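Beneath this line is the structure, given in structure tokens, with notes to follow.
In our numbering, the protein residues as written are 19 to 345.
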């Protein structure tokens, strides 16, 4: 049976931010093909948030509030649990959708039926909602393309807003990993792709708001140094999914050739890393293939003077850099 709007729910996740939530909810409600919309609050600290949302949207949404704090991925599981339709799209409270999101999902499902995950292109915007120069994805050729596991070995296939997934399949693979700090969505998409396949449309359907400060949890994970190890673990998990059909093993040197350790990350945050993480990143830098001579020079100096060079370079670099919006 073909996908129809009656089979779709859009869930807007909230915690304690009010600045953008009305825009997010309105973008879910004002679709050219209307669908069920619910707001799922992760037991936030603001007891008036539900009234704030209902005062604006009233009977056009359903509001659910968890009795206890479940964390970001636990709250996404709450969306899955509360969903009464076969298809679900999860939307962060600071992102928003294009008006034709549902219409585009219905269209791509007709061209690529029977899959577990559909998604569109994402526009990255700043806190004012303006597209960020140099941060936009390259346009696709063709109306859509099928996504397979080999497409997601090194990263998530989507920036989150503008996705639609089959709820029954998400439940069968165990939902989102609640212990994840960074890659919970990438892991879910990989499992759905392995189980039932995915398709990406060339239309721009989601708007991802990038924050420079620490009010987004993912920024805190990056700054702490935990993001890169989490990404590598998820890379290995995708390889494990592939091993069911292909004999694939993790090759650290090949990984570092494809994804060299970021020198920019090291000079921005290296001074605040623990000694253990500093040694870990020093090892990744040593294995990386230098993309240009400046990288090779930094790499050579680190090899010569050890992990302490990275920390000193970071202290010097941050001392002479202007503040970057709370970072």
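Just so you know, even glycine gets a beta-carbon here, dropped at the ideal spot from N, CA and C.
Values in this document were obtained by computation on a predicted structure and should not be read as measured data.
Opposing strand residues paired with residue i [DSSP bridges]
i: residue 140; result: 224
i: residue 163; result: 218
i: residue 82; result: 58
i: residue 285; result: Answer by DSSP bridge pairing: none, since residue 285 is not bridged.
i: residue 135; result: 183 and 216
i: residue 27; result: 54 and 106
i: residue 149; result: 143
i: residue 32; result: 59
Buried or exposed by the 16-neighbour rule on C-beta atoms within 10 Å, applied to residue i
i: residue 150; result: exposed
i: residue 29; result: buried
i: residue 300; result: buried
i: residue 141; result: buried
i: residue 309; result: exposed
i: residue 179; result: buried
i: residue 279; result: buried
i: residue 209; result: buried
i: residue 123; result: buried
i: residue 251; result: exposed
i: residue 219; result: buried
i: residue 162; result: buried
i: residue 37; result: exposed
i: residue 338; result: exposed
i: residue 101; result: buried
i: residue 21; result: buried
i: residue 330; result: exposed
i: residue 91; result: buried
i: residue 27; result: buried
i: residue 273; result: buried
i: residue 323; result: exposed
i: residue 344; result: Low local confidence applies: a pLDDT of 41 at residue 344 is under 50, so the model's placement there is unreliable, with the coordinate-based value given in what follows. Its Cβ having fewer than 16 others within 10 Å, residue 344 is exposed.
i: residue 166; result: exposed
i: residue 315; result: exposed
i: residue 236; result: exposed
Proximity winner among the options, relative to residue i (alpha-carbon distances)
i: residue 157; options: 102, 200 and 221; result: 221
i: residue 206; options: 313, 306 and 181; result: 181
i: residue 138; options: 224, 212 and 125; result: 224
i: residue 42; options: 79, 198 and 333; result: 79
i: residue 34; options: 103, 101 and 112; result: 112
i: residue 65; options: 54, 84, 131 and 49; result: 84
i: residue 49; options: 75, 115, 98 and 72; result: 115
i: residue 89; options: 228, 331 and 197; result: 197
i: residue 145; options: 237, 77 and 226; result: 226
i: residue 175; options: 155, 259 and 258; result: 155
i: residue 126; options: 216, 239 and 318; result: 216
i: residue 117; options: 61, 148 and 44; result: 44
i: residue 293; options: 271, 191, 188 and 326; result: 326
i: residue 71; options: 87, 39 and 260; result: 39
i: residue 297; options: 133, 247 and 271; result: 247
Test item: CB-CB of residue i and residue j under 9 Å
i: residue 204; j: residue 285; result: no
i: residue 350; j: residue 106; result: Within the shown structure, residues of the chain are numbered from 19 to 345, placing residue 350 beyond reach of any answer.
i: residue 81; j: residue 51; result: no
i: residue 304; j: residue 276; result: no
i: residue 94; j: residue 31; result: yes
i: residue 214; j: residue 135; result: yes
i: residue 244; j: residue 200; result: yes
i: residue 164; j: residue 130; result: yes
i: residue 68; j: residue 74; result: no
i: residue 103; j: residue 170; result: no
i: residue 317; j: residue 306; result: yes
i: residue 153; j: residue 99; result: no
i: residue 287; j: residue 238; result: no
Cβ-heavy atom distance, residue i to the ligand GDP, below 8 Å
i: residue 277; result: With respect to small molecules bound, the structure shown includes none, and the ligand GDP cannot be examined in it.
Closer than 9 Å to chain D by CB, residue i
i: residue 314; result: No chain D appears in this structure, which consists of one protein chain only.
May I have a chain-ordered list of the alpha helix (DSSP H) segments no shorter than 4 residues that lie completely inside the segment 87-124? 89-100
3 or more residues per run - each beta strand (DSSP E) lying fully within the segment 165-211: 181-184
Mind listing, in chain order, the continuous alpha helix (DSSP H) runs of no fewer than 4 residues lying wholly within the segment 285-328? 293-305 and 311-323
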